[in-house]
Amino acid sequence: MPAPSPPLLLLLAPILLLAPRASAGAAAGVGVSGGGQLWCVAKNNAEDGALQSAIDWACSADGGRADCTAIQQGGACYDPPDLQRHASYAFNDYFLRAGGAASPAACDFSGAAALTALNPSHGSCVFPSSTSPKNGSFTGTTTYGASGTDLSYNSSWKPNSCHTALGGCGNG
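Residue numbers -24 to -1, 1 to 148, in mature numbering (1 follows the signal peptide of the UniProt record, and there is no 0), belong to the letters of the sequence shown in order.
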């Protein structure tokens, strides 16, 4: 069989570059998503102050209006000592409400966030993805959040300098 002509190789190169490959994360058993799923998470090197400010904005009625009930006390993602996990959940919820993968600029938070294909879900805390939102028993492709969640204004969120999901200003 003769070798393919150069134009054919040029046409195949993008396809070969985009073909799925096993990653180091998958080989190590890390939750690597398939099918182009994306999550918006806090960067490892983000300052706590920047994360706190971004959480307060994302979860406020005057800001991002993310549904942050999962990171409030009693929620599936409530983990008080881990500000980065709380920020990641809030960032991801805001990102999905802003359009998900169709709006990658919505995952920035002044440089404190980044998109990832590594599923940040842990234990009972399920992070919906940009292509297949899931939370609890709810699954779908167009609605974000838990089944029956009211996505309108949440008066319990009041913007302030304290992380309300962690119990307020040391009152918890």
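A virtual CB, placed ideally from N, CA and C, is assigned to each residue, including glycine.
- For S86, the closest of W15, G25 and L14 by C-alpha to C-alpha distance is G25.
- Residue ranges of uninterrupted alpha helix (DSSP H) with 4 or more members, entirely inside the stretch 42 to 106 and ordered along the chain, are 59 to 73.
- Residue burial is scored here from C-beta neighbours: D69 has at least 16 other C-beta atoms within 10 angstroms and is therefore classed as buried.
- In this structure, A18 is the residue among S105, L14 and A18 with its C-alpha nearest to the C-alpha of Q60.
- Distances from the CA of V102 to each of E23, D38, N21 and C44 were compared; the closest alpha carbon is that of C44.
- Looking at the DSSP output, C16 bridges to L91.
- For R41, the closest alpha carbon among the candidates D32, Q48 and Q49 is that of D32.
- If you draw a straight line from the Cα of T92 to the Cα of A77, it comes to about 11 Å.
- For D24, the enclosing alpha helix (DSSP H) covers residues D24 to C35.
- Burial is judged here by how many other beta carbons sit within 10 angstroms of a residue's own beta carbon; S100 has fewer than 16 and is exposed.
- Approximately 6 Å separates the beta-carbon atoms of L72 and P104; this is inside 8 Å, confirming the contact.
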